[in-house]
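Working notes, beginning with the structure itself.
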Amino acid sequence: MLLAPSEIHFLHDSASSYILTPDVIDDVGHQLLQQSNERVPRIQVVEKDGSWFALNDSYLRVYRELERQGRCPKIRVEVVALSKVPQNVQKGMIVGEEKSEDVSAPVRSRRAVANRQQTTKAAPSEIHFLHDSASSYILTPDVIDDVGHQLLQQSNERVPRIQVVEKDGSWFALNDSYLRVYRELERQGRCPKIRVEVVALSKVPQNVQKGMIVGEEKSEDVSAPVRSRRAVANRQQTTKAGKARFFQ
1282 MLLAPSEIHF LHDSASSYIL TPDVIDDVGH QLLQQSNERV PRIQVVEKDG
1332 SWFALNDSYL RVYRELERQG RCPKIRVEVV ALSKVPQNVQ KGMIVGEEKS
1382 EDVSAPVRSR RAVANRQQTT KAAPSEIHFL HDSASSYILT PDVIDDVGHQ
1432 LLQQSNERVP RIQVVEKDGS WFALNDSYLR VYRELERQGR CPKIRVEVVA
1482 LSKVPQNVQK GMIVGEEKSE DVSAPVRSRR AVANRQQTTK AGKARFFQ
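Printed below as a string of structure tokens:
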């Protein structure tokens, strides 16, 4: 059976927000088209409630972009048993309206937007520390320069990325050390925005979730570390701890 890539849904809805660079599209797309039989690429799908879901979201993302370029109008689908998909994933297989704001924008469905499971951009100062005492860490200039340089160099599209969770309308970083560096880089004008990837709140232990309360953050001067009322009250500070801790 042949279907257009746009007629197939992502198994994990957050995959619809992945941003693929042109070189990835060209390289992966070329390989997929070359490997296909009869020059029609193939993908495995499962059926649920009359809709098709791809077992390989990464391939589908590439096929959709190739379809948009006119290079892959149809793909051959191989239907496999729904039992191949774990029960917890099946619960999230709900079809929503998918839309794209422009031809280069990633496709997002209402479900992804509603769950905030997408990739977007935000200023580091708009993200909160998961462990509030992290806001009082004092970083020396050499740590900022070395770690910050590595983070900026490793980032895709020259926009660094950080994973966050959402609670009560606020974002909390999963890596406080990286956020501390990004905030300092933002203050220096070297990193005005970072790409945030929202993941499930369940990744955070329950005992940590209880402490995820947004307090007023303030800085006495431009060189002072940002502290919240909760952190100042606890006075939990560290001094030079070494660069390795930021990558543990």
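According to the working numbering, the sequence shown holds residues 1282 to 1529 in order.
Note that CB positions come from ideal geometry on N, CA and C, so glycine has one too.
In this text, all values refer to a predicted model and were calculated from it rather than measured experimentally.
Secondary structure of residue i, DSSP reduced to three states
i: Q1487; result: helix
i: K1402; result: strand
i: L1460; result: helix
i: K1474; result: coil
i: R1352; result: coil
i: V1394; result: Reliability of the predicted coordinates at V1394 is poor, the pLDDT of 35 falling under 50, and the value obtained from them is presented with this limitation in mind. The answer is helix: DSSP assigns V1394 an H, G or I state.
Rounded distance between the beta-carbons of residue j and residue i, thought under 8 Å
i: K1402; j: K1491; result: Not really, about 29 Å apart at Cβ, beyond 8 Å.
i: A1362; j: L1292; result: In fact, because the Cβ distance is near 14 Å, the residues do not count as touching under 8 Å.
i: W1333; j: E1407; result: Rounded, the Cβ-Cβ distance is 38 Å, inconsistent with contact.
i: V1485; j: V1446; result: 6 Å
i: F1410; j: A1481; result: 19 Å between Cβ atoms; not a contact.
i: N1337; j: I1324; result: 6 Å
i: I1443; j: L1460; result: 6 Å
i: V1326; j: V1360; result: 6 Å
i: P1286; j: R1345; result: 5 Å
i: Q1376; j: L1284; result: The question names Gln, but residue 1376 in the sequence shown is Val. Actually they do not touch by this definition, with Cβ atoms about 14 Å apart.
i: P1422; j: R1464; result: About 15 Å; that fails the 8 Å criterion.
i: V1495; j: S1451; result: 5 Å
i: K1329; j: M1282; result: With 8 Å as the limit, K1329 and M1282 do not qualify as a contact, their Cβ atoms being about 16 Å apart.
Closer than 8 Å: residue i CB and nearest the ligand NAD heavy atom
i: G1373; result: What this structure holds is no ligand at all, so the ligand NAD is not there to describe.
For residue i, the residue or residues it bridges with in DSSP
i: Q1325; result: E1359
i: V1445; result: A1454 and V1479
i: H1409; result: F1453
i: L1347; result: Answer is none; L1347 lacks a bridge partner.
i: I1289; result: W1333
i: L1466; result: Per DSSP, none; premise fails for L1466.
i: L1283; result: R1357
Enclosing beta strand (DSSP E) for residue i [first to last residue]
i: S1332; result: S1332 to A1335
Residue i: first and last residue of the uninterrupted alpha helix (DSSP H) it sits in
i: V1370; result: Q1368 to Q1371
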